[in-house]
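In the numbering used here, the protein residues as written are 4 to 476.
Shown next, in structure tokens, is the structure this report addresses.
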């Protein structure tokens, strides 16, 4: 199967409220030979304040925000159509599971394209290079060159890997350059740790991972925390309700020491460090390898394979032990949900609002994209869910000139965003106030850097102009 390396540059890192400004993909064959590539840029939406920190990183200017060839809606539609043409494929990138995939799903969701899970359905799979390069460096120090960060650990930032590797595809944090540099990193993994590369392709979809877990029972997984990667030889016990994560027992701990504890005692024991259970998220393309690999490292090597197998057998012979842990975790999840009674905003309901879409809403979404302004306006009240009607209004507000819109709709949405953007509270989105503070902080940071100060002043003027349009709404 081929690969689609893709990358977004955005106004903000907050996936629910930021927007994509630049999208690129590079299509390769299974041997990573480039077959096609595309780069798209869009204008910033009238109701989105950019994060100055993001703009300083991705080198997008105010002129690009206003003069880019596409609107945001047009970019989303073209992005979706390209992904449809390329499917089925490995959707691949650097740290895409945590960022780009989540951004893309929300782009589809908020733009009324019901195929939110396009990248991992109908034969498509998600392949994230970041966990693979960390594991490759751990397994074979010579697989890829790295530099040390301020804490003395290997830096796995794509920019640093590209600099040390001398990939020379251009300035990092341009979406097309990041795609090309990620391909170079992939080649290093494929050449330096071919077994890992093959394993990563086999774990690019949840169902594939669950098959591996079901057949292997005991496997090696990696976790990255405190700046370092650590291997764990673990045994699958059950799937977490309601998240469907694999809950495993870390076999460095002898289950015999815990099997006879009461439920209350066991709950306390598994909540304390060092952790006895490990969570393996099968939908994040995390590294999953044979148990033999983990047995090469301490403390598992010292414990020995015979003892590891003995501990696994103890777990098999005591199914009630896993059942009790499952009940403990389910109760904790319910308690957490009950304690979190804050009503999510409509932009935050991709997962919280349910993933099933009625056939009527799907039909209305399809009609919405085919209709002119009058048709789009007529469909607003036909959506059965409030969030879809809200998104339809937002798209119309963002895409059409003020004078073409009904005054009531324009005033409703304009005032809604005016209230958000002029807020002086610490919000989930960028406000005029948070932008100003971030700008001031960066002026102090770059006081001796004329180039950066020029960019800051340009964006300050850009946002001040935005502000005047909302202050009296």
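Backbone N, C-alpha and C fix where the C-beta goes; we use that ideal spot for every residue, glycine too.
So that I know if they touch, is there some Cβ in chain E lying closer than 9 Å to that of residue i?
i, result
"residue 22", "Looking for chain E here will not work: only one protein chain is present."
So the beta strand (DSSP E) residue i belongs to, where does it begin and stop?
i, result
"residue 185", "Residue 185 -> not in any beta strand (DSSP E); alpha helix (DSSP H) instead, spanning 178-195."
"residue 223", "221-228"
"residue 76", "Unbroken run through residue 76 is the alpha helix (DSSP H), 75-89; no beta strand (DSSP E)."
"residue 249", "249-253"
"residue 110", "No beta strand (DSSP E) contains residue 110, which is instead part of the alpha helix (DSSP H) from 104-113."
"residue 24", "23-31"
"residue 231", "231-242"
"residue 173", "No beta strand (DSSP E) contains residue 173, which DSSP labels as neither H nor E."
"residue 10", "6-13"
Pick helix, strand or coil for residue i, following the three-state DSSP scheme.
i, result
"residue 281", "strand"
"residue 353", "helix"
"residue 60", "helix"
"residue 293", "strand"
"residue 303", "helix"
"residue 116", "coil"
"residue 465", "helix"
"residue 371", "helix"
"residue 130", "strand"
"residue 96", "strand"
"residue 257", "coil"
"residue 264", "coil"
"residue 389", "helix"
"residue 346", "coil"
"residue 427", "coil"
"residue 245", "coil"
"residue 361", "coil"
"residue 146", "coil"
"residue 67", "helix"
"residue 432", "coil"
"residue 310", "helix"
Distance, Cα to Cα, residue i vs residue j?
i, j, result
"residue 125", "residue 333", "31 Å"
"residue 297", "residue 268", "30 Å"
"residue 183", "residue 291", "26 Å"
"residue 365", "residue 236", "45 Å"
"residue 6", "residue 449", "40 Å"
"residue 69", "residue 47", "7 Å"
"residue 363", "residue 386", "8 Å"
"residue 476", "residue 338", "41 Å"
"residue 90", "residue 260", "50 Å"
"residue 303", "residue 251", "16 Å"
"residue 320", "residue 310", "15 Å"
"residue 410", "residue 430", "28 Å"
"residue 36", "residue 72", "29 Å"
"residue 62", "residue 408", "34 Å"
"residue 151", "residue 420", "43 Å"
"residue 374", "residue 139", "50 Å"
"residue 74", "residue 342", "40 Å"
"residue 414", "residue 168", "53 Å"
"residue 418", "residue 427", "16 Å"
"residue 306", "residue 294", "13 Å"
"residue 88", "residue 59", "34 Å"
"residue 18", "residue 110", "9 Å"
State the start and end residues of the unbroken alpha helix (DSSP H) segment that holds residue i.
i, result
"residue 39", "That residue, residue 39, is in no alpha helix (DSSP H); its beta strand (DSSP E) goes 37-44."
"residue 413", "410-424"
"residue 378", "376-382"
"residue 446", "435-448"
"residue 155", "Run containing residue 155: none; DSSP gives neither H nor E here."
"residue 481", "Residue 481 lies beyond the stretch modelled for the chain, which goes from 4 to 476, so this question has no answer here."
"residue 19", "Where residue 19 is concerned, there is no enclosing alpha helix (DSSP H), given that its DSSP letter is neither H nor E."
"residue 51", "Segment: none, residue 51 is in no alpha helix (DSSP H) and carries neither H nor E."
"residue 166", "161-168"
Are the Cβ atoms of residue i and residue j separated by less than 9 Å?
i, j, result
"residue 102", "residue 16", "yes"
"residue 401", "residue 118", "no"
"residue 107", "residue 143", "no"
"residue 208", "residue 123", "yes"
"residue 187", "residue 159", "no"
"residue 279", "residue 249", "no"
"residue 270", "residue 216", "no"
"residue 161", "residue 196", "no"
"residue 392", "residue 379", "no"
"residue 425", "residue 435", "yes"
"residue 452", "residue 55", "no"
"residue 9", "residue 94", "yes"
"residue 41", "residue 28", "yes"
"residue 234", "residue 228", "no"
"residue 376", "residue 403", "yes"
"residue 133", "residue 149", "no"
Does the beta-carbon of residue i, which I'm using as the reference point, lie nearer than 8 Å to any heavy atom of the ligand GDP?
i, result
"residue 222", "As presented, the structure is devoid of all ligands, the ligand GDP included, so that no description of it is given."
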